[in-house]
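Everything on this sheet refers to the single structure shown next.
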Amino acid sequence: LGKEDAPLLFRIRADMRQWLWGLQFLRECTPARTRHNIEQIVRLGTYSRDMLQQLRRDAGIAYHERAQGILHFYTTQKEFDGALKPAEQMRALGCERTVISADEAVKIEPALAHIRPQLAGATYTAEDESGDANRFARELVKLCETAGVKFLMSHTVTAIREAGGTVEHVEATDSEGRFQRIQGDAFVLAMGSLSPIYAKPLGIHLPIYPAKGYSVTMPVIDPSKAHQVSLTDDEFKLVFSRYTDEHGDRLRIAGTAELNGYDRDLNRVRCEAIVRRVEQLFPGAGDASQASFWTGLRPATPSNVPLIGKTKLPNFFLNTGHGTLGWTHSCGSGKSIARIVSGLKPEVDFAFT
Numbered sequence: 356l357g358k359e360d361a362p363l364l365f366r367i368r369a370d371m372r373q374w375l376w377g378l379q380f381l382r383e384c385t386p387a388r389t390r391h392n393i394e395q396i397v398r399l400g401t402y403s404r405d406m407l408q409q410l411r412r413d414a415g416i417a418y419h420e421r422a423q424g425i426l427h428f429y430t431t432q433k434e435f436d437g438a439l440k441p442a443e444q445m446r447a448l449g450c451e452r453t454v455i456s457a458d459e460a461v462k463i464e465p466a467l468a469h470i471r472p473q474l475a476g477a478t479y480t481a482e483d484e485s486g487d488a489n490r491f492a493r494e495l496v497k498l499c500e501t502a503g504v505k506f507l508m509s510h511t512v513t514a515i516r517e518a519g520g521t522v523e524h525v526e527a528t529d530s531e532g533r534f535q536r537i538q539g540d541a542f543v544l545a546m547g548s549l550s551p552i553y554a555k556p557l558g559i560h561l562p563i564y565p566a567k568g569y570s571v572t573m574p575v576i577d578p579s580k581a582h583q584v585s586l587t588d589d590e591f592k593l594v595f596s597r598y599t600d601e602h603g604d605r606l607r608i609a610g611t612a613e614l615n616g617y618d619r620d621l622n623r624v625r626c627e628a629i630v631r632r633v634e635q636l637f638p639g640a641g642d643a644s645q646a647s648f649w650t651g652l653r654p655a656t657p658s659n660v661p662l663i664g665k666t667k668l669p670n671f672f673l674n675t676g677h678g679t680l681g682w683t684h685s686c687g688s689g690k691s692i693a694r695i696v697s698g699l700k701p702e703v704d705f706a707f708t
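The numbering used here applies: residue 356 is where the sequence shown begins, and numbers increase by one.
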């Protein structure tokens, strides 16, 4: 946990929220809680996938998507054995995660042949997809604007004001420092890792702590050596995607977690560790000298289950705490909170707040 290049880096801080979150996280690690949390995550995830596919059919939205499944590979027998029960539970919940051998994994993704001797096995979900989340969000903004939605870009929310037991307005400043008071009938808190800070003055305490994740993007220089299927490297806690945009064929690798408060500085050691892993798995596939790096704060709950639904204030709602699964749960969460705000019952069996 303390190594600079470890998949999970815990920096001990004089931060009571960090310690409280850590204790709550340990409480969620029992077999019973793990089963419950997997149920919630899978139900919302499969529903969200259905909603994404429906949106794509209805609106024609494009985001460099790839519908070739997602393959989780394991490089130790212990890791592979530990994946068997969760895979069985996921199948029971309607997510067809198939357990496959190392040879079958290489057949699905030939680029893994280089590490075949190290593979213990894999799981494969053929129905899963991948895509460019940034492109998706930008295309979704265009659709919303066409439907009459107004986005206030380059604004900073400074406070959420309550009066008479309801949220009355939100206070914000624009890029030039001008103050604005934004009123509304209903308010949805979707502020990522900052959500607890905005909710606390309202007497709402959210068990969310920032987990810094890293992303590396690099151009493909030898397509024959790069993977086609989206991959998850369980040992190093990394996900690998490949997409083609206006800049060409690219690899994007994301993952790891650093619990270090709201620090967003790029740690060069961790960046180099990700690049090193890419070169170990797919030597000669990408141009590491042209790699670009990014880091962001994931709003992590101790259970990894997001907080979606009502609060004690009748016109104030939550859609936050999605952790590493914001892209996975995006469409299902959005559809669900829209129904809740509208006074309708959500369509998915999930532990809403």
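Each residue gets a CB set at the ideal place from its N, CA and C atoms; glycine is no exception.
Every value quoted in this text rests on a predicted model; they were computed, and no experiment measured them.
Item: Taking DSSP as the reference, what is the three-state secondary structure of residue 600?; Value: strand
Item: For residue 414, which residues in the same chain have their Cβ closer than 8 Å to its Cβ, ignoring the five residues on either side in sequence?; Value: 498
Item: Tell me which residue opens and which closes the alpha helix (DSSP H) that residue 436 is part of.; Value: 432–447
Item: Do residue 688 and residue 674 count as a contact pair if the criterion is CB distance below 7 Å?; Value: yes
Item: So within the segment 608–692, which uninterrupted beta strand (DSSP E) runs reach at least 3 residues, ignoring any that extend past its ends?; Value: 647–655, 662–665, 671–675
Item: Out of 462, 531, 364, 448, state which residue places its alpha-carbon closest to the alpha-carbon of residue 510.; Value: 531
Item: Does the Cβ-Cβ distance between residue 501 and residue 450 come in under 7 Å?; Value: no
Item: State the DSSP-derived secondary structure class of residue 706, mapped to helix, strand or coil.; Value: coil
Item: Would you kindly work out how many angstroms separate the C-alpha atoms of residue 491 and residue 411, rounded to a whole number?; Value: 10 Å
Item: Looking only at C-alpha atoms, which of 469, 472, 466, 425 sits nearest to residue 454?; Value: 425
Item: Check whether the Cβ atoms of residue 379 and residue 657 lie closer than 7 Å to each other.; Value: yes
Item: Span of the beta strand (DSSP E) holding residue 523?; Value: 521–528
Item: Excluding sequence positions up to five away, which residues of its chain have a Cβ less than 7 Å from the Cβ of residue 396?; Value: 659, 660, 680
Item: Does the segment 555–568 come within contact of the segment 608–616, defined as at least 3 CB pairs closer than 8 Å?; Value: yes
Item: Using the beta-carbon count (16 or more within 10 Å), is residue 419 buried or exposed?; Value: buried
Item: If you draw a straight line from the C-alpha of residue 633 to the C-alpha of residue 676, how long is it?; Value: 29 Å
Item: Measuring straight from C-alpha to C-alpha, what distance separates residue 606 and residue 529?; Value: 35 Å
Item: Are there 16 or more other CB atoms within 10 angstroms of the CB of residue 427, so buried, or fewer, so exposed?; Value: buried
Item: Going by the CB atoms, is the gap between residue 577 and residue 639 shorter than 7 Å?; Value: yes
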